[in-house]
Every structure is written in structure tokens, then in C-alpha cells.
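Below is one structure, written out as C-alpha cells; the observations come after it.
Residue numbers (this note's numbering): 468 to 656.
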């Protein structure tokens, strides 16, 4: 039975004042399954390695993403034009942080039984990660795009490294310093 049919049939049973059968239909055909959020804290190195494996491509949209550090460099030089907020408050932070900063997501949510392993990881934007939450790709009617090729598109990582090397004062910013170190270390691999 399709989910929509279960809802309709259950509602019809309620209309007939048959609560017992309405409950039975929902219980058997579209039962409630409690989703328990299971946070996962990836190390920054694991994230960077995943971004490189996926070629800085959002696997849920196929769009290019960028090294997180490069946006913070833009904010450093243009704080009013390209604002940054440490908690990414929408009204105080440039949309590029949501649209282009990559993160790691479980393709099949751990909360639904998905494995917490690299085979189940995908690079996506913070925006798509927020939308996807604990939903499956099928539920959202999304698909998984092919990974990119880091040798063809590096997420502006080389440009980010050059910007920092041109102005090492940028390394006083802990966010920039962290992504610079990861970028240089992972670029050697």
C-alpha cells in the first residue's frame, strides 16, 4: 500500500469513527519510526581528504564548491562587502558561506541505519546538508552526482594558498590558518 493510501484509508476509518482500525492501518502500513540524531564529528583533515576525493564537487547538485579558507580571506579584506559570522547567522554572513563551503554528509543517514564510513560519505554544500538533514536522497528526489577530479578543479585551493603566502598576516586568523595548514598538507599527498 502506498503511504498516501494508508493516510487516506486511516482518515476514512476515523470518519467512520473507527479509531482502532485507523491506528492499525497506520501501524501496519506507515508506522512511526523514531529517528535518533547521531552527531558525527569529522576531523578537519578527514573533511579535507573527502573534499579532495570528491574534487570539491557538491555530490547532491553537481556544482563546484570552494576551499573554506578562501572565503574567509575575502571576508578579511572586505568585511562589509563580504561579511563573515562565526555562527553563520544568515542576516550577518554572506550567502557564499552557505552555498560554497563544503561539508561531509552521510549519503544514507546514520539515523536510518546508514554506515558511518567513507563509502557512505559525500561532499556537499552547507546549504544542501542543512536541507537534506536526516532524509534519504530518494525521499528528496535527489540523485548522487559523480565526484569531480581534483587535478581539474581544486576548489580554488591553490589560489587560497597563494593568497596566504602573499600576506602571511592572514595566518593570525585561526580559521584561515587551520584551512591553510590542511590545504598545504593535503596538497602534498
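All residues carry an ideal CB built from backbone N, CA and C; glycine is no exception.
- Within 10 angstroms of the beta-carbon of residue 589 lie 16 or more other beta-carbons, which makes it buried.
- Of all alpha-carbon atoms in 603, 601, 547, 539, the one lying nearest the alpha-carbon of residue 628 is that of 539.
- Burial is judged here by how many other beta carbons sit within 10 angstroms of a residue's own beta carbon; residue 610 has fewer than 16 and is exposed.
- Cα atoms of residue 535 and residue 476: separation of roughly 50 Å, rounded to the nearest angstrom.
- In this structure, DSSP gives residue 531 an extended state, which the three-state scheme calls strand.
- Membership of residue 473 in the alpha helix (DSSP H) is indicated by the continuous run 470–482.
- Annotation note: the segment 575–619 contains the following uninterrupted alpha helix (DSSP H) runs of length 4 or greater, listed N- to C-terminal: 593–599, 604–607.
- Counting the other Cβ atoms within 10 Å of the Cβ of residue 554 gives fewer than 16, which makes it exposed.
- Segment contact: the segment 515–535 against the segment 584–602, three or more CB-CB distances shorter than 8 Å; contact assigned.
- By the beta-carbon neighbour count (other beta carbons within 10 angstroms, threshold 16), residue 643 is buried.
- Under the criterion of beta carbons closer than 8 Å, residue 514 and residue 577 do not qualify as touching, at roughly 16 Å.
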